[in-house]
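Reminder that position 247 of the sequence shown reads as 258 in this note's numbering, one-by-one numbering, no gaps.
Remarks on the structure that follows.
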Amino acid sequence: MSNLNEVVRAVEYIKQRIDFVPEVGIILGSGLGNFVDEIENKSVLPYADIPGFPVSTVKGHAGNLIFGKVHRKNVVAMQGRFHLYEGYPISKVVLGVRVMGLLGIKTLFVTNAAGGVNEAFAPGDLMVIRDHINLSGENPAIGEEIPQFGPRFFDMTYAYDTELIQKAKKVYEQNGIPYREGVYAFLKGPSYETPAEIKMLSIMGADAVGMSTVPEVIAARQMNIRVFGVSCITNMAAGISKTKLSHQEVVETSNKVKSSFTKIITDMVREL
Ligand code: HPA
């Protein structure tokens, strides 16, 4: 089945069940799923019920599409996302974004857990993503040209919306959360990086490193959806941290900061 058919089938399934045009899409990264408590008048569709949707294989990642209101705005949240390291083709990794795009979202919020490459960062920092470096060699726009998804060639200069970044600075200040901003480098994983790789990323200009988000952002920009992203720095990256990296540390840190994270995202929805 072509990629477009798969997306259209999922969209039709959703539209039959939910009479709702979302304005904002939100992808909730590892451990940050508690944002769903902020969504009012929820309708929940499990990924397992939506045709074509993969089911997340990562522990701690729920799999639901949640529709509802935040600050009176119509939102759709992906509770759980798909990663290249799970073995999914990139078309599946961005399926949720394609679906949300065809449902009508104008803005996409992306969140993730990331390793800190910038030594001025500390675990628990919430880094607004200013730009990214795609080191995966993959791109969701590769393949057949599908006009419904946007043009073949598209600009990535302002991939992370400048106006939303400005608003974020204000939201951080209002909440007394130290403002951090930087460049997110994307590697496929699932092994964490070596210290030599982290040194390379640092020289390249990366501030954080992670295994998600970039495919979704590229797909969103192709569809001309505005993007705002935040990385939760869950650990300092390999070699900067003298201790071994563990998934447990990632989960623990994201749990510690989940209330500030949720506050930032809800306030940002209010500011739209
Ligand atoms: N590297 C890559 N991905 C990550 C890390 C890391 O150190 N921490 C959380 N996600």
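Every residue gets a Cβ at the ideal spot worked out from N, C-alpha and C, and that includes glycine.
Proximal residues to residue i (C-beta, below 7 Å), its chain only, five neighbours per side dropped
i, result
"G115", "V32 and P33"
"S213", "V128"
"N45", "K269 and T273"
"L43", "T122, C243, S265, K269 and F272"
"A248", "G126, G127, V128, E204, I209 and V220"
"R28", "L56"
"E130", "I251"
C-beta contact flag for residue i and residue j at 7 Å
i, j, result
"V128", "A217", "yes"
"G221", "N150", "no"
"A219", "M167", "no"
"V47", "V110", "no"
"V86", "E227", "no"
"S102", "N14", "yes"
"S258", "Y195", "Going by the sequence as given, residue 258 is His instead of Ser. Not in contact: H258 and Y195 (Cβ atoms no closer than 7 Å)."
"A280", "K117", "First, the residue type needs correcting, since residue 280 is Val and not Ala in the sequence shown. In this structure, K117 does not lie closer than 7 Å to V280 by Cβ."
"I25", "F120", "no"
"R232", "A152", "no"
"K199", "L95", "yes"
"V22", "E49", "no"
Cβ neighbours of residue i in the same chain (closer than 8 Å, five flanking residues each side left out)
i, result
"N145", "F197, V225 and I229"
"P189", "D136 and Y183"
"K267", "G135"
Extent of the continuous alpha helix (DSSP H) run through residue i
i, result
"Q259", "H258 to K267"
"S304", "Residue 304 cannot be examined here, being either before or after the span of the chain that is shown, 12 to 283."
"T245", "Premise fails: T245 lies in the beta strand (DSSP E), R237 to M247, not in any alpha helix (DSSP H)."
"A230", "V225 to Q233"
"L175", "T173 to N186"
"A207", "P206 to M215"
Limits of the beta strand (DSSP E) - the one that residue i falls within
i, result
"N129", "Element bounds for N129: n/a, residue is neither H nor E."
"N49", "Here residue 49 is Glu; the residue named in the question, Asn, does not match the sequence. That residue, E49, is in no beta strand (DSSP E); it is neither H nor E in DSSP."
"R20", "Premise fails: R20 lies in the alpha helix (DSSP H), N14 to R28, not in any beta strand (DSSP E)."
"L146", "Careful: L146 lies outside any beta strand (DSSP E) and carries neither H nor E."
"I38", "V35 to L39"
"M89", "K84 to Q90"
"K80", "N75 to V81"
"R191", "R191 to F197"
"G221", "A219 to G221"
Cβ shell of residue i (< 6 Å), same chain only, five flanking positions each side left out
i, result
"K53", "I77 and G79"
"V55", "N75 and I77"
"G40", "T122, N123 and A124"
"Y99", "P65 and F93"
"I108", "Reading off the sequence, residue 108 comes out as Val, not Ile. For V108, where only same-chain residues beyond five positions count, the Cβ hits under 6 Å are E227, A230 and A231."
Inter-residue Cα distance where the pair is residue i and residue j
i, j, result
"G250", "I209", "7 Å"
"K180", "E97", "34 Å"
"E192", "F272", "14 Å"
"I140", "Q185", "19 Å"
"V262", "T245", "8 Å"
"E174", "R237", "10 Å"
"P134", "Y203", "16 Å"
"V35", "E282", "12 Å"
"G240", "R20", "28 Å"
"E260", "C243", "12 Å"
"P162", "A88", "25 Å"
"S223", "I38", "11 Å"
"Y183", "K274", "9 Å"
"I61", "L256", "35 Å"
"L113", "D172", "20 Å"
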